[in-house]
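Numbering (my numbering), first residue to last: -12 to 372.
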């Protein structure tokens, strides 16, 4: 059985189920190396403006090792935030046949790419896109550098159309690429939570026949929650409500803007076990991000698994694959209040029944975007690599 060492920064609610299934199926011998260090399990999340501790098991069901991080400023927000003098030694001691590296943009991860090139098979997982690309001298230098980086990769897994285009621009060939869909636990978000949904809507004062629009995530600039609030307040849609679920740096600004509007509601960050209820309570999920860096937007997967219509900006990486205008939602031009307002109005005018039909389409579209399919692709590529 081939041994696969997985290199990633910290436990993430979207990746742990992949590692658990890889280990459970037993077709590969896997071990995860967490490079941020043990402190990352209880880290402060600046996007939510609080410490986050997920209530689903992220460190159970697969073998892993913590790697000591000696960075003076630990974190994933800069290149020198992940510095692991012992990482190469820990990997060598385990004697893997292949590596799967999540992201190259950290000192240690790039060092591992360079060291193990031509020693073992190197697989790479990333979700970067070309959506925020700029032209000019810096772009030319960036292209040269990224082509050099990806020469160290034997095979890459792309989660969707936008990332495939990114990998191809920076030198990877079709035969070096496999589609491994970005995925969440579809079953958990689809499981009926109607009793709790009813309680939540009643608590918020939202009637059964009224439409609820949901924003769920970090209240930060790149996600444009203020733009969504302003667009909603420009509408004259009676019987329509907007719910912000989360926390973050823009929270005070949002609440001040909305304080006199009885149709705008706020609830704090909700943990993973509660999020299916929040998604199922809405009629329309909106992700209005302007970026940079909204490379995918897995909340869209979650909302679709819950059977909801989607409205998202064209700067969200997932929309190229998951949003079919007129079928399961709409796409608007990022950071454009007029277009967002128009698309919101267009969707609200469909009424609850029309949005529910779009939600059914979402549920069908997301069926093949599964953790099982992602694991299948990884197993096949590593076994044949």
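Note that the Cβ used here is the ideal one computed from N, Cα and C, for glycine as well.
Using only the alpha-carbon positions, how far apart do residue i and residue j sit?
i, j, result
"residue 271", "residue 74", "45 Å"
"residue 357", "residue 45", "18 Å"
"residue 89", "residue 97", "11 Å"
"residue 363", "residue 152", "22 Å"
"residue 361", "residue 5", "8 Å"
"residue 204", "residue 145", "24 Å"
"residue 237", "residue 284", "19 Å"
"residue 383", "residue 239", "In the structure displayed, the chain extends from -12 to 372; residue 383 sits before or after that span and is not available."
"residue 57", "residue 25", "12 Å"
"residue -11", "residue 369", "8 Å"
"residue -9", "residue 309", "30 Å"
"residue 218", "residue 326", "9 Å"
"residue 79", "residue 65", "26 Å"
"residue 331", "residue 297", "10 Å"
"residue 94", "residue 14", "31 Å"
"residue 209", "residue 299", "13 Å"
"residue 183", "residue 112", "36 Å"
"residue 247", "residue 294", "31 Å"
"residue 11", "residue 290", "27 Å"
"residue 62", "residue 263", "29 Å"
"residue 131", "residue 222", "47 Å"
"residue 50", "residue 366", "17 Å"
"residue 100", "residue 156", "20 Å"
"residue 333", "residue 313", "10 Å"
"residue 176", "residue 125", "42 Å"
"residue 171", "residue 102", "32 Å"
"residue 242", "residue 197", "22 Å"
"residue 43", "residue 307", "30 Å"
"residue 0", "residue 86", "21 Å"
"residue 201", "residue 216", "11 Å"
"residue 328", "residue 336", "12 Å"
"residue 83", "residue 16", "9 Å"
"residue 122", "residue 259", "39 Å"
"residue 8", "residue 274", "29 Å"
"residue 92", "residue 344", "41 Å"
"residue 315", "residue 114", "23 Å"
"residue -5", "residue 27", "12 Å"
"residue 206", "residue 245", "14 Å"
"residue 143", "residue 110", "6 Å"
"residue 185", "residue 282", "33 Å"
"residue 279", "residue 119", "6 Å"
"residue -3", "residue 23", "6 Å"
Spell out the partners DSSP gives residue i in its beta bridges.
i, result
"residue 26", "The partner list for residue 26 (beta bridge, DSSP) is empty, contrary to what the question assumes."
"residue 52", "20"
"residue 198", "227"
"residue 205", "234"
"residue 312", "316"
What are the start and end residues of the beta strand (DSSP E) that includes residue i?
i, result
"residue 319", "316 to 319"
"residue 111", "108 to 112"
"residue -10", "-10 to -5"
"residue 88", "85 to 89"
Got a sec, what are the start and stop residues for the alpha helix (DSSP H) residue i sits in?
i, result
"residue 3", "3 to 12"
"residue 81", "74 to 81"
"residue 212", "212 to 220"
"residue 103", "94 to 103"
"residue 361", "358 to 371"
Are there any heavy atoms of the ligand FMN lying less than 7 Å away from the beta-carbon of residue i, as far as the coordinates show?
i, result
"residue 78", "Among the components of this structure there are no ligands whatsoever, and the ligand FMN is therefore not found."
task: Jot down the residue ranges of each uninterrupted beta strand (DSSP E) in the stretch 232 to 302, minimum 3 residues, whole runs only, in chain order.
output: Counting only runs of at least 3 residues, the stretch 232 to 302 fully encloses the following beta strand (DSSP E) elements, listed from N- to C-terminal order: 251 to 254, 271 to 274, 296 to 300.
message: If contact is defined by three or more beta carbon pairs under 8 Å, each pair taking one atom from either stretch, is the stretch 293 to 307 in contact with the stretch 226 to 242?
response: As far as the Cβ criterion goes, the stretch 226 to 242 does not touch the stretch 293 to 307, which means the pair count is below three.
message: Counting beta carbon pairs with one atom in the stretch 123 to 137 and one in the stretch 320 to 328, are three or more of them shorter than 8 Å?
response: In short, these stretches do not touch, since the Cβ pair count stays below three.
field: Validate contact between the stretch 266 to 280 and the stretch 183 to 199 using beta carbons, cut 8 Å, 3 pairs
entry: Segments in contact, yes.
- request: Ignoring anything shorter than 4 residues or poking outside the stretch 110 to 187, list the alpha helix (DSSP H) runs there in chain order.
  value: List check, alpha helix (DSSP H) in window: 124 to 137, 148 to 156, 173 to 177.
field: Three-pair Cβ contact test at 8 Å for the stretch 249 to 258 versus the stretch 163 to 174
entry: With a cut-off of 8 Å, the stretch 163 to 174 and the stretch 249 to 258 do not count as touching, because too few Cβ pairs lie within range.
query: Which whole runs of the alpha helix (DSSP H) in the stretch 322 to 350 are 4 residues long or more, in chain order?
result: The stretch 322 to 350 contains these whole alpha helix (DSSP H) runs: 324 to 335.
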